[in-house]
Amino acid sequence: MSSESPAKGTSALQYKCTRALVSFGHWPSTQEQSLASDFPMKRRSIPIIFIVSVIIFFPPACANKLPNDGAQKNCSYSIEIETTCAPSAETTDHVSVRFGDPLGNLILVKHLKNPTLVYAPKDGLKKQGGAYKGFERCAVDMFEASGPCMTQRVCSLYLKKVGSDDWRPGWVKVLHRQDGGHVVPVSYMFYFRTYVPENVWYGFDYCHSRGGFKLHIAEDFGED
Numbered sequence: 029m030s031s032e033s034p035a036k037g038t039s040a041l042q043y044k045c046t047r048a049l050v051s052f053g054h055w056p057s058t059q060e061q062s063l064a065s066d067f068p069m070k071r072r073s074i075p076i077i078f079i080v081s082v083i084i085f086f087p088p089a090c091a092n093k094l095p096n097d098g099a100q101k102n103c104s105y106s107i108e109i110e111t112t113c114a115p116s117a118e119t120t121d122h123v124s125v126r127f128g129d130p131l132g133n134l135i136l137v138k139h140l141k142n143p144t145l146v147y148a149p150k151d152g153l154k155k156q157g158g159a160y161k162g163f164e165r166c167a168v169d170m171f172e173a174s175g176p177c178m179t180q181r182v183c184s185l186y187l188k189k190v191g192s193d194d195w196r197p198g199w200v201k202v203l204h205r206q207d208g209g210h211v212v213p214v215s216y217m218f219y220f221r222t223y224v225p226e227n228v229w230y231g232f233d234y235c236h237s238r239g240g241f242k243l244h245i246a247e248d249f250g251e252d
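Residue numbers (this note's numbering): 29 to 252.
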C-alpha cells in the first residue's frame with residue numbers, strides 16, 4: 029500500500045488528479061522523453077496521442093471542480109421596482125414577488141414592505157399613514173430579501189397584487205447585496221408597463237422559452 033502524500037503547496041484535488049493520471053496509463057519519465065526526441069516524428073506523436081486521450085476520457089471533475097468549502101447557503105438580495113407616471117399608477121395594495129434562476133432556486137417575498145426610496149417623484153411623496161410605504165407614482169423603490177444563493181442569472185420574476193388599486197409598475201430588477209453593502213445586478217430587466225391584474229402571479233419566465241417571454245399569468249404556482 030502506497031503511503032505517498034501530497035507535496036507541500038499541492039492541494040488534495042491536484043494530488044488526486046495527478047495520481048489518477050499516473051494510474052490511467054504510463055506517464056513518460058524524463059529519460060524516456062529524452063530518448064523519444066531521437067525517434068522519428070511518427071514515434072514522437074505517441075505521447076501527444078496519450079495526452080489527447082487523457083483529455084478526452086479523464087473525468088471532468090478534476091478539470092472543472094472549484095473550491096466550494098466556504099460557499100454561502102443564503103444570500104441577500106435587493107429588488108428595485110419602478111412605478112410608472114401613468115394616472116392612478118400608484119398602489120397601497122399588498123404586493124408580493126417571486127423570482128428564480130435556471131437551476132430552480134426560488135425566492136418568495138409574500139409582502140414587500142419597508143422600502144428604501146431610490147428615486148423620488150418631482151412633485152413629492154404622499155405619506156401613507158405617516159410613513160412612506162412604497163409604490164408611489166413615478167417613484168423607484170428598493171426592497172430587501174434573502175434566500176438561496178443563485179449561481180446563475182435570475183431569469184423568472186412574477187408579481188402578485190392583492191387589492192383593488194390599479195397599480196402599473198414600469199420595470200423590476202434584482203440585485204445581489206455583497207459584503208460591505210455593495211449591490212450588483214443579477215437579473216434581466218423585467219418590463220411590465222401595464223396594470224397588474226388582481227390576485228394572480230403575473231410576470232415573465234425567461235428560463236423557459238414556452239410563452240415565458242411575454243407577460244402572462246402563471247397558473248401552476250398554487251396558493252402562496
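Ideal Cβ positions, reconstructed from N, Cα and C, are used throughout, including at glycine.
Taking the straight line between their C-alpha atoms, what separation do you get for residue i and residue j?
i, j, result
"GLY132", "CYS177", "11 Å"
"ILE107", "GLY128", "13 Å"
"THR144", "ARG181", "24 Å"
"ASP194", "ASP207", "37 Å"
"PHE249", "LYS138", "13 Å"
"GLY191", "PRO225", "10 Å"
Label residue i either buried or exposed according to how many other C-beta atoms from any shown protein chain fall within 10 Å of its C-beta, with 16 as the threshold for buried.
i, result
"ILE245", "exposed"
"GLY10", "Because the chain spans 29 through 252 in this model, residue 10 falls outside it and cannot be assessed."
"GLY209", "exposed"
"GLU247", "exposed"
Going by beta carbon distance, what residues of the same chain come within less than 7 Å of residue i, once the five residues before and after it are set aside?
i, result
"MET217", "TRP199, LYS201"
Between residue i and residue j, which are expected to be in contact by the criterion C-beta below 8 Å, what is the C-beta distance as a whole number of angstroms?
i, j, result
"GLY147", "SER184", "At residue 147 the sequence reads Tyr, which differs from the Gly that was named. The pair is not a contact, with the Cβ atoms about 25 Å apart (cut-off 8 Å)."
"PRO197", "ILE135", "Actually they do not touch by this definition, with Cβ atoms about 18 Å apart."
"GLY175", "ASN227", "Not quite, the Cβ-Cβ distance comes to about 23 Å (not below 8 Å), so this is no contact."
Residue range of the beta strand (DSSP E) that residue i falls in?
i, result
"CYS113", "Unbroken run through CYS113: none, as it is neither H nor E."
"HIS244", "244–246"
"GLU268", "Because the chain is modelled from 29 through 252, residue 268 falls outside the range shown and cannot be assessed."
"MET253", "Lying outside 29 to 252, the shown extent of the chain, residue 253 is not represented and no answer is given."
"PHE127", "122–128"
"HIS204", "197–205"
Suppose the cutoff is 6 Å on Cβ atoms and the five residues either side in sequence are ignored; what does the same chain contact list for residue i look like?
i, result
"ARG126", "LEU136, TYR186"
"VAL211", "SER106, LEU203, ARG205"
"GLY117", "Per the sequence shown, residue 117 should be read as Ala rather than Gly. Result list for ALA117: THR111, ARG165, ARG196, in chain order."
Spatial neighbours of residue i within its chain, please: C-beta separation below 8 Å, excluding the five flanking residues on both sides.
i, result
"VAL214", "TYR105, MET178, ARG181, VAL182, VAL202, LEU203, HIS204"
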